[in-house]
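In mature numbering (1 follows the signal peptide of the UniProt record, and there is no 0), the protein residues as written are -27 to -1, 1 to 240.
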């Protein structure tokens, strides 16, 4: 079994490899909305500590960077998920204060570094740590990627992060049809529901350019197989019961580290 430090190092090495892949594409193609109507919009509505969101970010979403498909996609990440608004512009996150912290950190990263080739490797690194149950080490992701953590700290501490989260809340709550769980993946405005792991097939179907991306020619569009594969696909439901065993495990882990969270916020 690997130690937490080993897992963290492996996560960061994976991030460095990923950013190398990202850098091979034009940043203007990745980060900026395309003037061409041929780009397909891909929206991911998620929350940082949902294990199935982390799985999608770590094991599925990077596939678009392994091919030419990324230059044909406008990727939009929305870290809010199943959080709930309270009064006075405050909110609770499904998996507790840690999730609110990391949702806001990721929102700040998107705001500070709008270029996908900069903010996605950081989010990937954080979600990789979530995936390996080592997310308390999230601050270790900045230095290997050459990113200034103070910019995100200032965003979080100065109130900009909360402002961003409220904007993401409004965007998520305005989804039509409303989201039912996370990860909630949307291609050109249409949710993929529980077939979200096959998002690349939907991107290829939605693409209207004259020349299909090379990656699309390699995809199997056998819908019978896809329907069979998605039957057991897990998600974090919007109305997940607080008494469920899975929720209790996550809550216990969060509460055990509440002292660290308070120390961070008081710093």
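Even glycine gets a Cβ: it sits at the ideal position worked out from N, Cα and C.
- In the DSSP assignment, residue 49 forms a beta bridge with 16.
- Rounded to whole angstroms, residue 86 and residue 165 show a C-alpha spacing of 28 Å.
- In the DSSP annotation of this structure, the continuous segment of the beta strand (DSSP E) that includes residue 160 starts and ends at 157 to 160.
- With a 10 Å radius around the Cβ and a threshold of 16 neighbouring Cβ atoms, residue 107 comes out buried.
- When the Cα atoms are used, residue 60 and residue 184 turn out to be separated by approximately 51 Å.
- If you keep only unbroken alpha helix (DSSP H) runs of at least 4 residues inside the stretch 22 to 83, you get 24 to 32.
- The secondary-structure analysis by DSSP pairs residue 154 across a beta bridge with 210.
- If you look at residue 179, you'll find it in the alpha helix (DSSP H) that goes 172 to 179.
- Residue 107: not part of any alpha helix (DSSP H); DSSP gives it neither H nor E.
- The three-state reading of DSSP puts residue 87 in coil, since its state is none of H, G, I, E or B.
- Shortest Cα-Cα distance from residue 186 to any of 112, 50, 43, 139 involves 43.
- Under DSSP, the beta-bridge partners assigned to residue 164 are 159.
- Scanning 48, 83, 20 for the CA closest to the CA of residue 68 turns up 20.
- In this chain, the alpha helix (DSSP H) harbouring residue 135 covers 133 to 146.
- A Cβ-Cβ contact shorter than 8 Å links residue 25 with residue 208.
- Residue 187: member of the alpha helix (DSSP H) spanning 187 to 190, first to last residue.
- Cα atoms of residue 190 and residue 45: separation of roughly 14 Å, rounded to the nearest angstrom.
- The count of Cβ pairs closer than 8 Å, one atom from the stretch 26 to 39 and one from the stretch 113 to 131, stays below three, leaving the stretches out of contact.
- DSSP, reduced to helix, strand and coil, places residue 127 within a helical segment of the structure shown.
- Collapsing the DSSP output to three states places residue 95 in a helix.
- For the pair residue 81 and residue 22, the CB atoms are not nearer than the 8 Å cut-off.
- In this structure, the beta-carbon distance from residue 15 to residue 155 does not fall below 8 Å.
- Listed in chain order, the non-local C-beta contacts of residue 27 below 6 Å within the same chain comprise 100, 103, 104, local neighbours out to five positions each way being set aside.
- Between residue 29 and residue 169, the CB-CB gap stays under 8 Å.
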